[in-house]
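First residue of the sequence shown: 1, per UniProt numbering; consecutive thereafter. All remarks here apply to the structure that follows.
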Amino acid sequence: MNLSSANCSSWKAESVVISLGFSVIFLLGTVGNSLVLAVLCRNGQMNTKTTNLFILNLGIADLCFIVFCVPFQATVYTLDQWVFGPVVCKVVHFVIFLTMYASIFTLTAVSLDRYLAICYPLRSREMRTPKNALTSICLVWALALIFSGPYLSYYAQMDLAGIVVCIPAWESKPRIIMDVCTFFFGYLAPALVLSLTYARTIRYLWTSVDPVKDISESRRARRKVTKMIIIVAALFCFCWLPHHLVILCMWLGRFPLTHTTFVLRILSHLVAYTNSCLNPIVYALVSKHFRKGFRKVFICTLKKREVNKVHVIQAVNTVSSAETSN
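Here it is as structure tokens:
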């Protein structure tokens with residue numbers, strides 16, 4: 001009885017920590033990506049640049065990922081069973097992988113766009129147009145649909161010993177093939193592209209010399225851009241690697257189902273989801289244009305609240321005056 005009570009208390013404590021973690025990710029991801037979208041949609045000076053179009057798409061994908069993934073995953077780890085029905089079971093996991101692929105492919109497209117912009121600024125002008133950027137974005141979502149489509153049948157609602165769960169329904173071999181493909185196309189291949197493009201970009205920034213600028217100023221600019229690029233690549237690789245390693249280790253038989261491995265699996269999900277919170281910081285907050293845009297959004301929001309308060313006060317005063325005259 002004491003052991004059972006201790007386990008129950010331990011699980012309740014873990015449930016609180018898990019819920020808190022998912023709540024923080026949901027709040028930061030929603031607010032961060034919403035601010036990015038608000039700035040891009042409100043600021044007419046940035047909506048025709050290819051990089052900002054990619055950032056807009058990244059914000060949409062990350063926001064959808066946060067909204068459709070985090071709340072349902074939080075309930076999976078805190079409740080005893082699946083309570084949303086068989087249709088939601090399939091749709092939720094499909095949307096999770098759809099937005100995951102869209103985010104990763106968009107990051108890859110951004111790295112290629114940055115590589116062309118920095119290494120070939122003149123020759124890439126004809127390629128880096130808003131029309132081509134929109135075409136690339138459509139291609140990103142088309143590929144995301146292709147790779148995530150099988151997940152409409154991958155998960156299913158089942159009854160296991162009287163407990164309703166939402167788990168993979170495929171046999172072992174198809175599941176292994178699917179998980180390996182997800183690791184390769186959803187992590188390894190994009191990571192290789194990111195590494196190659198950013199490595200060549202860094203090499204160009206550190207070896208090229210701009211004769212117009214002062215040497216010290218050019219060096220500081222190169223270091224600033226290099227630092228941003230390293231952070232972008234490192235965050236992507238770091239955040240998603242634990243999630244894929246856990247799945248691969250499970251298939252290799254080196255990840256037994258214990259309380260410790262269950263906690264590690266939850267942590268791998270939390271770290272992966274955190275990437276969608278960090279992307280707005282890396283891609284937006286480092287830009288002075290976005291910082292100005294954020295300030296404008298906050299100022300406009302505060303002004304609207306003040307105007308609404310004035311209207312409410314005027315309405316109350318009007319009502320009070322009418323009652324007094326009566």
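We treat Cβ as the ideally placed atom computed from N, Cα and C, and that holds for glycine. What you are looking at is a predicted structure, and each value in this text was computed from that prediction instead of being measured.
Same chain, Cβ closer than 6 Å to residue i, neighbours up to 5 away in sequence not counted
i    : result
S15  : T78
R265 : V246
L152 : K90, F94
V87  : none
L278 : L235
C237 : A191
Contact check, residue i vs residue j, beta carbons under 8 Å
i    : j    : result
Q157 : G59  : no
L270 : G21  : yes
Y120 : T201 : no
F54  : V110 : yes
A117 : S124 : yes
V282 : L235 : yes
H244 : F183 : yes
R42  : V263 : no
T108 : P190 : yes
V67  : T106 : no
L37  : L56  : yes
V39  : G293 : yes
L98  : A144 : yes
Cut-off 7 Å between Cβ atoms - residues of its own chain near residue i, not counting five sequence neighbours on either side
i    : result
V17  : none
S103 : L58, A61, D62, F65, S276
C89  : W82, Y155, A156, Q157, C166
I273 : It should be pointed out that residue 273 corresponds to Tyr in this sequence rather than to Ile. Cβ neighbours of Y273 beyond the five flanking positions: I25, C69, V70.
C239 : V271, A272, T274, N275
I215 : Because I215 sits at a pLDDT of 49, beneath the cut-off of 50, its placement in the model cannot be relied upon, and the following sentence gives the value as read from the coordinates. Excluding positions up to five away in sequence, the list is empty.
Counterpart residues of residue i in DSSP-defined beta bridges
i    : result
P168 : Y155
I163 : L160
CB-CB length for residue i against residue j, believed under 8 Å
i    : j    : result
A233 : L194 : 5 Å
I167 : Q81  : Not a contact, Cβ separation roughly 11 Å.
I96  : D179 : That belief does not hold up - the Cβ atoms of I96 and D179 are roughly 14 Å apart, past 8 Å.
S19  : A74  : 6 Å
P280 : G32  : 4 Å
Neighbourhood of residue i by C-beta distance below 8 Å, restricted to the same chain and skipping five residues each side
i    : result
P130 : T48, K49, T50, L53
P211 : Summary for P211: the model assigns pLDDT 49, below 50, so the residue's position carries little reliability, and this model does not support an answer.
R128 : T50, D113, L116, A117
S176 : Correcting the residue type first, residue 176 is Ile in the shown sequence and not Ser. So the qualifying residues of the chain are W251.
Residue i beta carbon near the ligand HEM (any heavy atom closer than 7 Å)
i    : result
I163 : This structure lacks the ligand HEM; in fact it carries no ligand of any kind.
- Item | Sequence ranges, alpha helix (DSSP H) only - wholly within the region 102-152, length at least 4 | Qualifying alpha helix (DSSP H) stretches, in chain order: 130-148.
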